[in-house]
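A.B. asks:
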Amino acid sequence: MRPVRHLTFAVTALLACLLLPVAVVGLWTDSVVTDSDAYVETVGPLADDPVVQEFVRDTLVQETLTRLPRAPEPLVSTAATRVVEGPEFRPAWERANREAHEQLVAALEDDSDSPVADDGTVVIQIGPLVAAVLDAVDTRNLIDTSKVPDVSTSVRLISADDLQTARTYYRVVDEGGFWLPVLWAVLVAVALLVAVRRLRALVWLGLGSAVALAGLLLSVSSGRSLAEERAPSGQTELVGAMYDVLLSSLRELSWFLFGIALAVAVVALVASVLLGPVRRRD
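Last residue of the sequence shown: number 282 in this note's numbering, and the count goes up by one each step with no gaps.
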């Protein structure tokens, strides 16, 4: 009977450890990625990030000069700097990201009404910011901006190819967002119930969970480089900054659970050592 219990414990414990990172990502996705308010709250501070400000400023200058090729570049650059450093930039940044997030979630859910771009990409609209620069230039009465067509400018957030891949992962994680943690808890409970020595079982479960979470942390760290490699030309630093901010909560959650897993393993190990002699005397 013991060999069967040992085998059952080994299988359920292994499955629980392998499932833990997926369950953690599912919880994080449900609480941050699919929640527009949480998403905007997360990326809002990026409006004060020098990398983001520099990228947006350069983009505004480029887009403005495209529309007003005769405009003095120093004048446009000064106007763009004032827009980016002005009090209205953060609300505009948050508004643009909220719209982009709603667009992204709709696209991930394969909503036929999702407002993706014509080429299938998900974008952040910065047209209002370009319009603000045009207005700033117009106040100097140097350029007639009334002849400029309506501004509709965007920055690519995710490509069409990446969107298809993201949809697959999103469906798995989103549909299992609630059930994956439940399944993990059931596997842990079964593993402990069938374990011959439960304190030792806790040691192995704690260590296995810590290793699995370490793998998740390593994946998050290496994912930054992959995201930067797939970033559009000129957006590497922006993508890196957004990646760090977006996944900071996942990283913090993983480290927290990693600490708990190690603590459980250590406490169970100490308890098994201390209680071992007592059990042998009994």
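Where a beta carbon is used, it is the ideal one built from N, C-alpha and C, also for glycine.
All of these numbers come straight from a predicted model, not from anything done at the bench.
How would you call Gly206, buried or exposed, if buried means at least 16 neighbouring beta carbons within 10 angstroms?
C.D. replies: That one is buried.
A.B. asks: Just to confirm before moving on: does the CB-CB distance between Gly32 and Val56 stay below 8 Å?
C.D. replies: The residue you asked about is not Gly; residue 32 is Val in the sequence shown. Going by C-beta atoms, Val32 is not nearer than 8 Å to Val56.
A.B. asks: Using 8 Å as the Cβ pair cut-off and three pairs as the minimum, do the segment 201-217 and the segment 9-24 touch?
C.D. replies: Yes: at least three Cβ pairs fall under 8 Å.
A.B. asks: Alpha carbon to alpha carbon, how far is Leu269 from Arg230?
C.D. replies: Whole-angstrom Cα-Cα distance: 45 Å.
A.B. asks: In the structure shown, what three-state DSSP assignment does Gln103 receive?
C.D. replies: Here Gln103 sits in helix by DSSP.
A.B. asks: The alpha helix (DSSP H) spanning Val43 covers which residue range?
C.D. replies: Ser36 to Val43 is the extent of the alpha helix (DSSP H) around Val43.
A.B. asks: Between Ala13, Leu246, Pro3 and Arg2, which has its C-alpha nearest Leu183's C-alpha?
C.D. replies: The residue with the shortest Cα to Cα distance from Leu183 is Ala13.
A.B. asks: On the three-state DSSP scale, how would you describe Gln235?
C.D. replies: If DSSP states are grouped into helix, strand and coil, Gln235 belongs with coil.
A.B. asks: What does a CB cutoff of less than 8 Å around His6 pick up in its chain, not counting 5 residues either side in sequence?
C.D. replies: Contacts found: Val196.
A.B. asks: Let's test the definition: count the other Cβ atoms within 10 Å of the Cβ of Arg70 and tell me whether it reaches 16, buried, or not, exposed.
C.D. replies: With fewer than 16 other Cβ atoms within 10 Å, it is exposed.
A.B. asks: With 16 as the cutoff for other CB atoms within 10 Å, does Val133 come out buried or exposed?
C.D. replies: By the 10 Å Cβ count, Val133 comes out buried.
A.B. asks: Our contact map puts Leu250 next to Val220 with C-beta atoms below 8 Å; I'd like the distance itself, whole angstroms only.
C.D. replies: Correct: roughly 6 Å between the Cβ atoms.
A.B. asks: Could you compute how far the alpha carbon of Ala96 sits from the alpha carbon of Glu109?
C.D. replies: Roughly 20 Å between the two C-alpha positions.
A.B. asks: From Ala265 to Ala201, what does the alpha carbon distance come to, in whole angstroms?
C.D. replies: Going by the C-alpha atoms only, they are around 9 Å apart.
A.B. asks: Given Ala38, which residues of its chain have a CB within under 7 Å of its CB, disregarding the five upstream and five downstream residues?
C.D. replies: Here the set comprises Ser31 and Val32.
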